[in-house]
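Asks: Counted the way the UniProt record's numbering counts, the sequence shown spans residues 1 to 885.
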Amino acid sequence: MLKNLFNQNSIANKYKDLVNQINALESTMQELTDSELRTKTFQLKTQYKTEQDLTSIIAESFAITREASSRTLGLRHFDVQLIGGLVLNEGRIAEMRTGEGKTLVATLPAYLNALTEKGVHIVTVNDYLASRDQVSMGQIYRFLGLDTGLIQENMTGQERQQNYDADITYVTNSELGFDFLRDNMALNLKDVVLRPFNYCIVDEVDSILIDEAQTPLIISNTVDTSIDKFIVAAEIIEYLEVNVHFKVDEKKKNVILTEQGTTQIENILNVEDLYNLNDPWIPYIINALKAKTLFFRNVNYIAQNNQVIIVDEFTGRIMPDRRWSDGLHQAVEAKEGLPIRENTQTVASITYQNFFLLYPKLSGMTGTGKTAELEFEKIYKLSVDEIPTARPVLRNDLPDFIYKDQLSKWNAIAKECKNIATFGQPILIGTTTVEKSEMLAQLLKEYQLSFQLLNAKPENVRRESEIVAQAGKKGSITIATNMAGRGTDIILGGNSEFTIRKQLYNILVTYKNKTKSENKTNLHPLLSELTLASQKFLSVLETLVHNKEFLSLSETEILRILNESDQIRVPKNDYECSIKFLVNQLLKFEKKDQAIENSIVKNLGGLYVIGTERNDSRRIDNQLRGRCGRQGDPGKSRFFLSLDDNLLRRFGGANIQNFMQNQLLDDDPLESDLLTKSLDSAQKRVEEQAYDARKYLFDYDDVLNKQRNVVYYERRQILESKSVRDKILAYGEQVISEIGTEIRNKDLRNDAAIRLLENLFGTNLVLNLFSKFDLNYANLDPVELETYLFQEFWLCYESKSLELEVRQPGIIRALERTLILIYIDIVWKEHLQKMALLRDAVGWRGYGQRNPLFEYKEEAYDLFQIIGQTTRHLVIYDLIRSSML
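1. Can you tell which of E95, V308 and I402 has the C-alpha that lies nearest to the C-alpha of T676?
2. Between K40, F864 and I11, which lies nearest to I93 when the distance is taken from Cα to Cα?
3. Pull the bridge partners of F401 from the DSSP assignment, please.
4. Please report the distance separating the alpha-carbon of G138 from that of L559.
5. When the cut-off is 8 Å and only beta carbons count, does Q162 lie next to chain B?
6. Would a C-beta distance cut-off of 8 Å place S678 and D405 closer than the cut-off?
7. Is I64 closer than 8 Å to N89 when the C-beta atoms are compared?
8. With three or more beta-carbon pairs closer than 8 Å as the criterion, would you say the stretch 162 to 175 touches the stretch 72 to 89?
9. For F246, report the span of its beta strand (DSSP E) as first-last.
10. Touching or not, the stretch 689 to 703 and the stretch 352 to 370, by the rule of three or more beta carbon pairs under 8 Å?
11. Starting from H873, follow the alpha helix (DSSP H) in both directions and report where the run begins and ends.
12. So, helix, strand or coil for Y239, using DSSP?
13. For R304, which beta-bridge partners are listed by DSSP?
14. In this structure, how does DSSP classify V735 when only helix, strand and coil are distinguished?
15. For Q43, report the span of its alpha helix (DSSP H) as first-last.
16. For N221, tell me which candidate among M835, E613 and N343 has the shortest Cα-Cα distance.
17. Shorter than 7 Å, the distance from the beta carbon of N298 to the closest heavy atom of the ligand HEM, or not?
18. Beta-carbon within less than 6 Å of Y447's beta-carbon, same chain only, minus the 5 sequence neighbours each way: which residues are those?
19. With distances taken from CA atoms, which of M96, E26, N113 and L44 is nearest R71?
20. If distances are taken between C-alpha atoms only, which option among M185, Y111 and T612 comes closest to R716?
21. Can you tell me whether K457 is helix, strand or coil according to DSSP?
22. With respect to the alpha helix (DSSP H) encompassing H329, which residues constitute its N-terminal and C-terminal limits?
23. Go through its chain and collect everything with a Cβ distance to D593's Cβ below 8 Å, but skip five positions before and after it.
24. Please state whether DSSP places E597 in a helix, a strand or coil.
25. Which residues in the same chain as L18 place their Cβ atom closer than 7 Å to its Cβ, once the five residues preceding and following it in sequence are excluded?
26. Is it buried or exposed for P426, if we count other Cβ within 10 angstroms and need 16 for buried?
27. Would you report the Cα separation of G626 and V202, rounded to the nearest angstrom?
28. Tell me, which residues are paired with Y608 by DSSP?
29. Which residues in the same chain as G635 place their Cβ atom closer than 6 Å to its Cβ, once the five residues preceding and following it in sequence are excluded?
30. Suppose you measure from the CA of I168 to the CA of L821; what does that come to, to the nearest Å?
31. Among the residues of its own chain, which have a CB less than 6 Å from the CB of E816, if the five just before and after it don't count?
32. Could you tell me which residues DSSP puts in a beta bridge with R650?
33. DSSP state of E204, grouped into three classes?
34. Based on the DSSP output, what are the partners of A480 in its beta bridges?
35. Just to confirm, is the Cβ distance from I309 to P216 under 8 Å?
36. At which residues does the beta strand (DSSP E) containing T148 begin and terminate?
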């Protein structure tokens with residue numbers, strides 16, 4: 001028990017009683033057999049079904065999870081981790097420093113909420129983390145009788161359905177969001193993969209709910225694209241000068257064309273108006289200018305396999321499935337001279353803000369949440385609780401060094417690495433772009449320093465886990481574009497598990513490829529040492545390499561088994577059992593060396609983190625700093641900056657620039673409180689601007705979200721219903737009522753009304769009587785008229801139903817449902833296009849002293865009224881004309 005913790009920390013004090021209850025149950029849980037512990041799950045499920053309340057079983061479920069973790073993983077939850085789990089269970093955000101075991105913390109509320117049998121989703125930022133956590137943490141759940149699911153990119157619909165039906169499912173934010181959109185486009189209930197949402201834990205919650213929230217999830221179809229215009233626009237802008245023909249607003253990432261620029265382009269193209277609605281050139285020109293001035297290769301994107309692939313500015317990872325919208329991606333392709341792919345049209349979309357608000361209970365974990373607490377509370381109604389560390393933080397954050405220009409800064413970083421490398425202290429260098437990471441790599445080569453490079457380039461991404469894991473090794477230098485969501489702890493002295501797996505992989509592959517006649521004991525330097533230490537190791541190795549099943553494995557399969565060896569509790573076959581034994585033997589062998597290396601690196605001061613530039617967000621800087629000083633380890637961090645860094649250049653102001661230039665007369669650095677305050681202020685301004693942009697997106701999407709909820713709800717009702725006959729009849733009656741209203745309001749003449757009715761219902765309705773007797777609809781009793789038309793429609797509908805049913809029994813019911821769903825989707829797709837155009841249009845109304853958001857809401861409501869009417873007309877029209885021919 002951390003007695004001092006409860007005296008000093010309000011969060012810890014809040015949960016003091018619960019933590020004490022959990023700890024009091026620990027000895028009881030330890031006395032239970034594995035079977036008895038597993039039976040506890042059934043007992044708690046029964047208790048929940050009776051009480052429909054999780055509160056009374058929190059302490060016991062947490063104690064059970066902790067004991068299961070100790071038995072399966074050898075990891076016992078600390079008291080602070082219990083507090084983190086309690087915060088998550090209450091639907092809040094737990095801020096826990098890097099290395100404090102957030103992944104393990106999530107098992108506590110996940111197990112508790114899985115007892116409801118309504119499902120738990122644990123959302124991660126990438127497939128690697130989802131897979132790793134499901135396999136490792138899944139051992140706890142499976143030990144306790146729960147099943148786990150994992151959603152990966154290439155899974156079929158059936159596989160997704162099975163995994164979402166599990167008690168606890170690990171999934172990435174994008175896969176989950178796209179599955180939700182696809183479910184709401186399904187034409188058959190069997191194709192729906194998600195069940196109703198219950199409880200969600202979001203890992204790296206700030207990355208997903210804030211950084212990723214700037215880009216909505218979109219499912220789109222390709223449309224005809226004017227490829228020539230993109231190419232011509234890319235050539236034309238070469239004849240334009242910045243600040244003469246156009247202006248660049250770096251803060252808002254926008255380009256504004258001047259009057260002189262407009263004239264220049266119109267003369268080159270020989271057109272009268274760039275803004276001509278029938279043949280517009282302006283979007284192509286603006287996108288071409290943005291591509292040239294705001295989007296850069298190896299910064300915002302990389303070129304790979306003749307494609308432009310976006311680089312996530314927050315995680316430094318590539319996003320091969322994402323494309324910039326509204327023609328920007330095509331403009332970048334034209335700039336790079338790459339094949340231009342067709343433009344797309346949105347068929348379904350949702351923002352992360354509105355998507356995650358669909359969960360009745362939402363919580364999240366992060367190492368850096370406090371700086372964005374206001375946004376979490378305003379948008380998601382989530383408060384942030386700072387969880388104390390298990391051990392005191394020993395990290396030393398040194399003052400920033402400021403240099404007069406980029407050249408001085410990068411040389412200083414290289415010299416610092418050279419000096420530190422002399423002593424062997426490991427160094428982690430964080431850069432903001434791929435380009436800068438590669439430039440620094442070249443510079444370190446000139447200084448004859450060895451290093452590891454981790455950026456968005458595919459050849460580097462493949463070794464991501466190994467590079468990060470070994471970043472704490474003595475004498476190592478690691479360059480990384482961004483450290484958010486890497487998911488692998490940096491262990492001082494190096495990660496022995498990665499080392500021995502690599503060694504064993506080399507041994508096994510070498511053994512497989514050598515003939516029996518060769519002397520295998522000399523095939524790897526480690527073997528001679530191991531032979532002396534453990535004859536059994538060599539004996540098991542010899543048995544393994546003669547195992548027929550093992551010999552049939554590919555090198556990739558061997559590597560996979562090795563990587564998952566620590567997660568194999570019960571080996572499935574002989575070769576898995578042998579591999580697990582060999583890994584454990586190597587770990588014992590390396591354990592002593594690991595402890596020595598760890599002690600050496602600690603004495604050297606731990607990991608030294610170098611930041612090469614302040615990011616736009618303080619959270620990203622803190623994530624980098626947080627890579628050192630984990631779990632009470634020593635460490636230090638320092639940022640090396642220059643006056644022409646992006647942040648200072650854009651937001652520092654002329655006074656700061658002039659003052660600092662006068663202070664910096666040579667290559668020596670300067671430590672300035674004034675500049676530090678200026679940088680902090682600049683970061684706050686950038687964060688405020690980013691928040692405003694996300695709030696703008698949220699406010700506008702909130703209007704669309706209310707409409708989306710109505711459409712998706714009605715769609716799901718239709719999808720789940722056994723028959724939509726009543727819906728079809730209601731559609732027909734509504735159509736007739738609407739036409740009747742127009743007749744009464746004198747909005748329709750007799751001939752127009754007849755044409756409209758015949759167009760909708762064909763000649764099946766008996767309307768010739770009106771023409772024969774020259775009756776005026778307006779003179780008829782409205783109720784009698786509508787009653788007559790209703791009866792005619794019912795007869796028409798029943799006649800069509802019988803006609804189709806005779807030809808193929810059951811076809812009419814399937815046809816009705818499919819028609820409604822298809823036309824809902826078509827009309828919704830067109831509505832999304834209109835809403836996008838409306839949002840662009842109302843933006844200009846602010847110049848006329850009108851509120852754009854209010855105008856958007858007003859007109860969006862009018863547009864939404866048309867959706868139902870259009871759907872009804874289309875469904876009735878198509879159904880009445882249906883045939884089996």
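We put the CB at the ideal spot given by N, CA and C, even for glycine.
Replies: The relevant details are as follows:
1. Nearest C-alpha to T676: I402.
2. I11
3. Paired residue(s): F640.
4. 21 Å
5. Looking for chain B here will not work: only one protein chain is present.
6. no
7. No, they are not a contact pair.
8. no
9. F246 to D249
10. yes
11. P852 to I880
12. DSSP, read as helix, strand or coil, puts Y239 in helix.
13. Here residue 304 turns out to be Gln, not Arg, going by the sequence shown. Bridge partners of Q304: Q307.
14. helix
15. D34 to E51
16. N343
17. You won't find the ligand HEM in this model; it holds no ligand whatsoever.
18. A414 and K418
19. The option with the nearest alpha carbon to R71 is E26.
20. Minimum Cα distance to R716 is reached at M185.
21. DSSP places K457 in coil when its eight states are reduced to three.
22. From DSSP, the alpha helix (DSSP H) with H329 extends over L328 to E336.
23. S496
24. helix
25. I58, A59 and L86
26. Buried, since its Cβ has 16 or more Cβ neighbours within 10 Å.
27. The straight-line gap from Cα to Cα measures roughly 19 Å.
28. I427 and K636
29. R395, G606, L607, C628 and G629
30. Each residue's Cα considered, the two are about 31 Å apart.
31. Result list for E816: V724 and I728, in chain order.
32. Beta-bridge pairing links R650 to no other residue.
33. Correct three-state label for E204: coil.
34. Beta bridge pairing from DSSP links A480 with G430 and L454.
35. no
36. T148 to L150
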